[in-house]
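In this note's numbering, the protein residues as written are 4 to 120.
Built from N, CA and C at the ideal position, the CB exists for glycine as well.
On a predicted model such as this, the values are computed, not experimentally measured, just so you know.
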């Protein structure tokens, strides 16, 4: 059925996103997205020190536990093949709100290193 088919798609997508083990070089995931093979690249974190805004990441387990991400996928569907899909977009907006960054354009006022990159 549709549920089994979706599960197979999720498993395939997860398998494909494992091809990029280096969080600082996501070129393989970007290529897969460009080819239409993934809808949202899996998040991969690199070890880092001195991240003053890293505390906002503590909200992610609560967001996942709330079940809002699968509900959003069911409600909105997919954004289509992309490196930054629906899940990433929603998590990014949550983090923007927690960091009191009013809109994505305001990110240019923050040094990437303080945000974790």
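Exposure label - residue i; buried when at least 16 CB within 10 Å
i	result
residue 109	exposed
residue 106	exposed
residue 104	buried
residue 49	exposed
residue 51	exposed
residue 57	exposed
Closest residue to residue i among the options (Cα-Cα distance)
i	options	result
residue 3	29, 22 and 98	Any question about residue 3 goes unanswered here, given that the chain covers just 4 to 120.
residue 82	48, 42, 22 and 53	42
residue 76	69, 89, 29 and 25	89
residue 23	46, 78, 37 and 80	46
residue 40	25, 86 and 27	86
residue 26	38, 44 and 37	44
residue 38	84, 79 and 61	84
Quick check: the stretch 28-38 against the stretch 93-105, are at least 3 beta-carbon pairs closer than 8 Å? no
Flag this pair as touching only if the stretch 63-81 and the stretch 99-118 have three or more C-beta atom pairs under 8 Å; answer yes or no. no
At 4 residues or longer, what runs of the alpha helix (DSSP H) sit wholly inside the stretch 25-54? 30-37
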